[in-house]
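Respectively, the protein sequence lines represent chains A and B. Going by the numbering used here, the first residue of the first sequence is number 319, and it counts up by one from there. Going by the numbering used here, the first residue of the second sequence is number 319, and it counts up by one from there.
There are 2 protein chains.
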Amino acid sequence: MPRHKEFSESELLQTAVLLFWEKGYCDSSVDELIKRSGVAKYGIYATFGSKRALFKAVLKQYAEDRKKDIQKPLRQQQAALPEIVAFFSSLPAKLTKKDFQYGCLMANTGMELGLRDDEFSRMVKTFFEQTTEVMKACLDRAVELKQIDPQVDTEILARFLVNEFRTLLMLSSSGHKKRELKLQMETALTLLPLT
Amino acid sequence: MPRHKEFSESELLQTAVLLFWEKGYCDSSVDELIKRSGVAKYGIYATFGSKRALFKAVLKQYAEDRKKDIQKPLRQQQAALPEIVAFFSSLPAKLTKKDFQYGCLMANTGMELGLRDDEFSRMVKTFFEQTTEVMKACLDRAVELKQIDPQVDTEILARFLVNEFRTLLMLSSSGHKKRELKLQMETALTLLPLT
DNA sequence: ACTATTTCATACTACTTAGTCTGATATTAT
DNA sequence: ATAATATCAGACTAAGTAGTATGAAATAGT
Numbered sequence: 319m320p321r322h323k324e325f326s327e328s329e330l331l332q333t334a335v336l337l338f339w340e341k342g343y344c345d346s347s348v349d350e351l352i353k354r355s356g357v358a359k360y361g362i363y364a365t366f367g368s369k370r371a372l373f374k375a376v377l378k379q380y381a382e383d384r385k386k387d388i389q390k391p392l393r394q395q396q397a398a399l400p401e402i403v404a405f406f407s408s409l410p411a412k413l414t415k416k417d418f419q420y421g422c423l424m425a426n427t428g429m430e431l432g433l434r435d436d437e438f439s440r441m442v443k444t445f446f447e448q449t450t451e452v453m454k455a456c457l458d459r460a461v462e463l464k465q466i467d468p469q470v471d472t473e474i475l476a477r478f479l480v481n482e483f484r485t486l487l488m489l490s491s492s493g494h495k496k497r498e499l500k501l502q503m504e505t506a507l508t509l510l511p512l513t
Numbered sequence: 319m320p321r322h323k324e325f326s327e328s329e330l331l332q333t334a335v336l337l338f339w340e341k342g343y344c345d346s347s348v349d350e351l352i353k354r355s356g357v358a359k360y361g362i363y364a365t366f367g368s369k370r371a372l373f374k375a376v377l378k379q380y381a382e383d384r385k386k387d388i389q390k391p392l393r394q395q396q397a398a399l400p401e402i403v404a405f406f407s408s409l410p411a412k413l414t415k416k417d418f419q420y421g422c423l424m425a426n427t428g429m430e431l432g433l434r435d436d437e438f439s440r441m442v443k444t445f446f447e448q449t450t451e452v453m454k455a456c457l458d459r460a461v462e463l464k465q466i467d468p469q470v471d472t473e474i475l476a477r478f479l480v481n482e483f484r485t486l487l488m489l490s491s492s493g494h495k496k497r498e499l500k501l502q503m504e505t506a507l508t509l510l511p512l513t
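Printed below as a string of structure tokens:
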């Protein structure tokens with residue numbers, strides 16, 4: 319019997335992702351989302367319920383999207399050391415492209431709300447913990463394939479590498495250019511016991 | 319002829335530092351500062367002019383304060399390798415004490431405004447560039463004292479160490495506990511060519 | 001065609017925001 | 001004491017905030 323929606327929920331969500339990505343949680347407003355998406359306030363609240371719930375959906379969508387693009391090299395079945403190196407090598411260019419002009423929403427949210435909102439903080443931590451597991455799996459395969467010293471503690475090294483990843487995200491969100499990211503990445507790869 | 323102020327400018331500034339440190343720029347309000355400081359709106363605007371100018375003064379004050387406490391080990395005349403190690407070793411405990419319960423205002427501001435506000439971004443970058451210079455001076459002394467390999471590029475290593483510092487600040491602002499900071503710091507110190 | 005139901009656009013509430021203005025008050029040089 | 005001047009408390013403006021309410025319009029099963 320009902321009239322049906324005039325907008326696409328997934329398009330609305332993508333617009334919301336871009337908005338929160340650009341401005342963070344506190345500085346984004348529902349009115350701004352109305353302007354950008356063309357969707358009426360009713361539609362937004364009927365779909366998501368509140369700004370908070372909307373942001374939760376945004377964080378989930380963002381996490382899925384990043385697993386599929388920027389983290390893809392690491393999440394391939396056979397990924398090992400060469401994929402780790404390729405992943406880091408590609409970051410300075412990727413993080414300074416237009417798609418990433420506002421840094422990383424996960425890293426940004428961790429800094430904005432990590433000490434003030436348990437639920438969102440938890441989501442960010444979970445995202446990077448999952449990334450750590452993926453990284454550890456790559457390192458374990460690298461050990462199997464004798465690509466790295468078998469004495470390495472892959473758990474600890476995986477954490478360190480993910481923090482190196484986060485460092486690059488932080489630098490890009492803090493306005494640093496490709497050159498600086500590249501220097502940081504290369505220094506890290508040189509220092510690490512990856513051969 | 320004039321009536322004189324009923325409040326201390328430096329106390330007002332310190333209260334403002336704490337407020338912005340806790341909530342960031344966007345989410346802090348002048349009304350909240352009035353409540354916390356007891357100073358009337360007139361007094362705040364007569365002293366600083368605008369929220370923006372107030373935040374500028376806050377960033378300056380914060381930078382000075384951190385040079386005098388947390389960075390002090392590195393800024394001693396004779397600081398070299400032992401002081402660098404001591405500096406990093408002390409961070410996990412210091413960054414999780416009550417004084418630092420809101421992370422680092424410089425690191426936080428870099429993430430909040432690094433891509434959206436040139437002037438504040440510049441101030442944050444300058445702060446960490448100055449820290450890099452101090453770190454490089456320590457490394458150069460360490461080379462002189464034969465504490466580290468003279469082949470090391472102290473400029474590049476200094477940048478890397480300061481980014482390691484920023485990583486610890488980022489982790490603490492993102493809600494990570496002392497144990498995780500300690501693990502990151504120890505891994506970094508193990509990997510670096512510091513002996 | 002009619003009716004039930006949902007969406008739409010928009011007005012609205014209640015609150016917060018940065019910043020200004022005002023009239024009373026306190027101080028100090030004369 | 002008086003006059004000049006700066007500060008104080010609080011009212012005020014204009015805009016923005018999250019979220020709700022409302023009447024009109026559209027749709028689909030009967």
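Backbone N, C-alpha and C fix where the C-beta goes; we use that ideal spot for every residue, glycine too.
Whose C-alpha, out of the options, is nearest the C-alpha of residue i?
i: B:S490; options: B:L510, B:F438, B:L409, B:Q332; result: B:L409
i: B:L479; options: B:I466, B:F418, B:K416, B:K454; result: B:K454
i: B:R393; options: B:A334, B:G361, B:E451; result: B:E451
i: A:D387; options: A:L413, A:K369, A:I362, A:G367; result: A:L413
i: B:D383; options: B:E437, B:D436, B:L372, B:M424; result: B:M424
i: A:T472; options: A:P511, A:G361, A:L351, A:D349; result: A:P511
i: B:Q389; options: B:R370, B:S407, B:Y360, B:I352; result: B:S407
i: B:T505; options: B:H494, B:G493, B:L486; result: B:L486
i: A:Q396; options: A:S346, A:R459, A:M441; result: A:R459
i: A:R434; options: B:P400, B:K500, B:G493, B:R434; result: B:G493
i: B:Y420; options: B:V442, B:K495, B:M503; result: B:K495
i: A:T508; options: B:E498, B:K500, B:I474; result: B:I474
i: B:K323; options: B:K443, B:K374, B:I362; result: B:I362
Listing by chain order, which chain B residues have their CB less than 9 angstroms from the CB of residue i?
i: A:E462; result: Within 9 angstroms Cβ-Cβ: nothing; A:E462 doesn't reach chain B, min ~22 angstroms.
i: A:K454; result: Neighbours of A:K454 on chain B: none; closest Cβ ~14 angstroms, over 9 angstroms.
i: A:S283; result: Examination of residue 283 of chain A is not possible in this model, given that chain A is present from 319 through 513 alone.
i: A:R484; result: T485, M488, L489, S492
Return helix, strand or coil for residue i, following the three-state DSSP convention.
i: B:L457; result: helix
i: B:V357; result: coil
i: A:Y343; result: coil
i: B:Q394; result: coil
i: A:P400; result: helix
i: A:R440; result: helix
i: B:K323; result: coil
i: B:T513; result: coil
i: A:V335; result: helix
i: A:G428; result: helix
i: B:D471; result: coil
i: A:S368; result: coil
i: B:T408; result: Per the sequence shown, the amino acid found at residue 408 of chain B is Ser instead of Thr. Reduced to three states, the DSSP call for B:S408 is helix.
i: A:Y380; result: helix
i: B:R484; result: helix
i: B:K385; result: helix
i: B:K500; result: helix
i: B:Q419; result: coil
i: B:Q465; result: coil
i: B:R434; result: coil
For a contact defined as C-beta to C-beta under 9 angstroms, what are the partners of residue i on chain A?
i: B:L433; result: E340, Q419, Y420, G421, S490, S491, S492, G493
Residue i versus chain B: which residues are under 7 angstroms apart at the beta carbon?
i: A:M429; result: N426, M429, M488, S491, S492
i: A:R497; result: Residues of chain B passing the Cβ test: none, with the nearest at roughly 11 angstroms.
So which residues of chain A does residue i contact, with C-beta pairs closer than 7 angstroms?
i: B:V442; result: S492
i: B:L331; result: Within 7 angstroms Cβ-Cβ: nothing; B:L331 doesn't reach chain A, min ~23 angstroms.
i: B:T505; result: I474, F478
i: B:L515; result: Since the displayed chain B opens at 319 and closes at 513, residue 515 of chain B lies outside it and no answer follows.
Residues of chain B with CB under 8 angstroms from residue i, in chain order?
i: A:Q502; result: R477, F478, N481
Who are the neighbours of residue i on chain A, taking C-beta pairs under 8 angstroms?
i: B:L509; result: F478, L509, L510, P511
What does a CB cutoff of less than 6 angstroms around residue i pick up in its chain, not counting 5 residues either side in sequence?
i: A:I402; result: C456
i: B:A476; result: T450, M453, K454, L457
i: A:V461; result: P468
Could you name the residues of the same chain whose beta carbon sits closer than 7 angstroms to that of residue i, not counting the 5 residues immediately before and after it, in chain order?
i: A:R354; result: T333, L337
i: B:K369; result: V348
i: A:D467; result: P511
i: B:E350; result: L337
i: B:Q465; result: A398, L399
i: B:F366; result: L372, A375
Going along the chain, which residues of its own chain have a beta-carbon closer than 8 angstroms to the beta-carbon of residue i, five neighbours each way excluded?
i: A:G342; result: N426, T427, E430
i: B:V335; result: V376, Q379, Y380, D383, L423
i: B:G356; result: F325
Given 6 angstroms as the limit, tell me if residue i has its C-beta closer than that to any heavy atom belonging to the ligand GDP.
i: B:S346; result: Questions concerning the ligand GDP fall outside what the structure shown contains, since it holds no ligand whatsoever.
(request) Return the residues of the stretch 466–482 of chain A that lie within a Cβ-Cβ distance of less than 7 angstroms from chain B, sorted by chain order. (result) I474, R477, F478, N481
(message) Please list, in chain order, the residues of the stretch 346–370 of chain A that have any C-beta partner in chain B closer than 8 angstroms.
(response) none
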